[in-house]
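Protein chains in written order, with the UniProt record's numbering: chain A, 1 to 371; chain B, 1 to 371.
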């Protein structure tokens, strides 16, 4: 591997004092030893991946890391949100302890959001904290979940209920890995890209409108810009509110409804990004009914979500009281306080806020937005 | 409950910038609403205890908390180190989610070190972090494990391998709860009290020598001083090195050998403090063989550990290669680096340091120190 094969097109910094770190974005990064040259030395590295991604990229990453670490181990998790649980997390701890990995060991999360969340939580917890690096292989993970230090596993009663705020040392967004991304996964990632428009940057939403087809066709320049701008917005938000005591909650636009869909259908039925896409449409409707945005805004967002290949109608979660089921599921959202659901709503284009809403109004939205 | 029933005799501060918190020490604290008057408001509090402690003190604590929290829930864990594992931790998450507890919920750890470590890790992980309070009911927890923010559960392959650094809001050391402490548990706590002498304060060791009988007789004034001085030393160390990047490791004096004993015999056979007591004797022998202390120092410490009611001879962990088994178990200690065991040794009375030692020398120590 030669030095000039390294091709970072952009770098975004997450500014969190002594926990600051870079997100590098570019082609041919994953398999290049230079990508990892600033990481701390250790006796051992562990690559965590899943059964879908490991056959595609684990060998490349392992080879690149062997230039820096004497021992590069790997563990392959079963693929999918349904496995984002303790027994699967335990596979990582087993691998670390069976191989005598000490507390300087560096973990590498090679995969999508599930692998990143689990590897991050394992790194946060192993010996009370070892360093880790995100190498996201889905668009969704590159633009959202690998950045910002939220890590977690699911509990049978709620998504991401057990986890930690724990920042990686580095995020490596290799554009080439998106070539093998299935269309459904690409669309799921676009949901989180679209999200950044209404909550923070309407000019970016205009850009997405104009470049959606290019992104769906996986044109590298379009994807690179989408990733960079998404990461910049996320970095700006996380830099101000790492532990979600306020502002950061706006990044959950679409997620309150989306999580209810994901958990109501059973994890893995809808992809996370599909829940978020549909959830944004529902949250936009709620914003409109609260008098915060115009119907044209809701229509525009709905059209964009649909064009991205995402569902715009929520599924039925109960044959007797569908809206009631949504409400019950949303009440265990982490943003809820004293049983009151807190929604991220659009408070005029490009600006989000968090507020509660009367159950009756939310029921109307659910009834209007479900298939 | 009247205001003047509140009787804090001392307060020690853990100084960690925005994570600073007080340790209050005194009589009649646990059941007094005033003890909790500075805690944040929340819809809900959860008291976590175990099957031994809950019948003694959970009602008192719950009643005191009802003055501040609308809903005070409780969960009772099975007692003992053998249950410091994921399935037991899950009981806490189940209770929180089944009751719709939000992320302002305050957890209260009512029990010894195991309850404190598990409640702390649950608090660190539930919704990525909720506040918690330590209400230690053993001497060991009051002088050591409840202070400093180390939380963890065990893995079958090693003690405290999965956890977090996560500070409580407050530590409440009620002297009255020690009245119900069994003698074996009192001795186990004295091991950690004795520890602070050789690593940091020989004048305190002199005081312990002179007051050991008073402590064994549970004289309140003696116990109060022991708790206060132990917490002051721990606060001083933790304040300088919260996440154990250096100095803090000295608090593990006796723990490397001790953990090997605990895990080699199976958790729960020896109490943690018993392992530490015997482990300090072994570590003192190692210090002597490394030429760091005189034989008289080792003899003095051994005598004190024995007088405290603690074992001074290590158990046989293998009928074929006992020393080899100790070494293998110690190699997975968290302080190990690249397979090399790091021992806390006494580098002259009142001063500890961390270093490695040749296997042959460690074998000699084990052979000399095992029954």
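Glycine included, every Cβ here is placed at the ideal spot set by N, Cα and C.
| Asked | Found |
| --- | --- |
| Residue environment, residue 3 of chain B, which counts as buried when at least 16 other CB atoms sit within 10 Å | Low per-residue confidence applies at residue 3 of chain B: pLDDT is 40, beneath 50, and the placement is therefore not dependable, though the value from the model is reported in the following sentence. By the 10 Å Cβ count, residue 3 of chain B comes out exposed. |
| Interface flag, residue 258 of chain B vs chain A, CB-CB below 8 Å | no |
| Buried versus exposed call for residue 318 of chain A [16 or more other C-beta atoms within 10 Å across all chains shown] | exposed |
| Beta-carbon gap between residue 292 of chain B and residue 359 of chain B smaller than 8 Å | no |
| Status (buried if at least 16 other CB within 10 Å, exposed otherwise) for residue 70 of chain A | exposed |
| Neighbour list for residue 98 of chain A in chain B, Cβ cutoff strictly below 8 Å | 157 |
| Simplified DSSP state of residue 242 of chain B, which is helix, strand or coil | coil |
| Three-way DSSP call (helix, strand, coil) for residue 307 of chain A in this model | helix |
| As assigned by DSSP and simplified to three states, the class of residue 206 of chain B | helix |
| Start-to-end residues for the alpha helix (DSSP H) that takes in residue 367 of chain B | 359 to 369 |
| Buried versus exposed call for residue 263 of chain A [16 or more other C-beta atoms within 10 Å across all chains shown] | buried |
| Interfacial residues, the segment 334 to 346 of chain A to chain B, with Cβ spacing under 7 Å | 334, 336, 337, 338 and 339 |
| Given 8 Å, three or more beta-carbon pairs between the segment 195 to 207 of chain B and the segment 53 to 66 of chain B | no |
| The segment 91 to 123 of chain A: positions lying closer than 9 Å to chain B by Cβ | 93, 94, 96, 97, 98, 100, 102, 103, 104, 121 and 122 |
| Which residues DSSP lists as bridging residue 136 of chain B, in chain order | B:111 |
| Alpha-carbon spacing of residue 307 of chain B relative to residue 279 of chain B, whole angstroms | 15 Å |
| Within chain A, the residues that residue 126 of chain B reaches when beta carbons sit closer than 8 Å | 161 and 162 |
| CB contact flag (residue 116 of chain A, residue 109 of chain A, <8 Å) | yes |
| Residues from the segment 29 to 55 of chain B in contact with chain A, defined by Cβ distance under 7 Å | 43 |
| Residue interval of the alpha helix (DSSP H) (run including residue 198 of chain A) | 183 to 200 |
| For residue 1 of chain A, three-class secondary structure by DSSP | Residue confidence is low: residue 1 of chain A scores 35 on pLDDT, short of 50, so the model does not pin down where it sits. Its coordinate-derived value is still stated next. Coil. |
| Closest Cα partner of residue 42 of chain A within the set A:49, A:30, A:67 and A:60 | A:67 |
| 6 Å CB neighbourhood of residue 166 of chain A in its chain, flanking five on each side removed | 120, 124, 149 and 151 |
| Partner residues on chain A for residue 324 of chain B, Cβ-Cβ distance less than 7 Å | The contacting residues do not exist; residue 324 of chain B stays about 15 Å from chain A at best. |
| Neighbour-count burial assignment, residue 352 of chain A, 16 or more Cβ in a 10 Å radius | buried |
| Backbone CA spacing between residue 130 of chain A and residue 104 of chain A [nearest angstrom] | 6 Å |
| Spatial neighbours of residue 250 of chain A in its chain, beta-carbon cut-off 8 Å, leaving aside the 5 residues before and after | 199, 200, 237, 344, 352, 353 and 354 |
| CB contact flag (residue 77 of chain A, residue 46 of chain A, <8 Å) | no |
| Chain B within 8 Å of residue 129 of chain A, Cβ atoms only | yes |
| Residue burial classification, residue 266 of chain B (beta-carbon count within 10 angstroms, cutoff 16) | exposed |
| Contact list for residue 68 of chain B against chain A, beta-carbon separation under 7 Å | Ordered by position in chain A, no residue passes the 7 Å Cβ test against residue 68 of chain B, which lies about 14 Å from the chain. |
| Bridge-paired residues (DSSP) for residue 44 of chain A | A:71 |
| Expected contact under 8 Å - CB spacing of residue 272 of chain A and residue 81 of chain A to nearest Å | 7 Å |
| Neighbour flag for residue 1 of chain A against chain B, beta carbons, 8 Å | Here residue 1 of chain A scores only 35 on pLDDT, less than 50, and its place in the model should not be relied on; the value that follows carries that caveat. For residue 1 of chain A, the answer is no, since every Cβ of chain B falls outside 8 Å of its Cβ. |
| Under 8 Å from the C-beta of residue 150 of chain A: neighbouring residues of chain B | 128 |
| Residue 211 of chain B versus residue 221 of chain B - alpha carbon distance | 10 Å |
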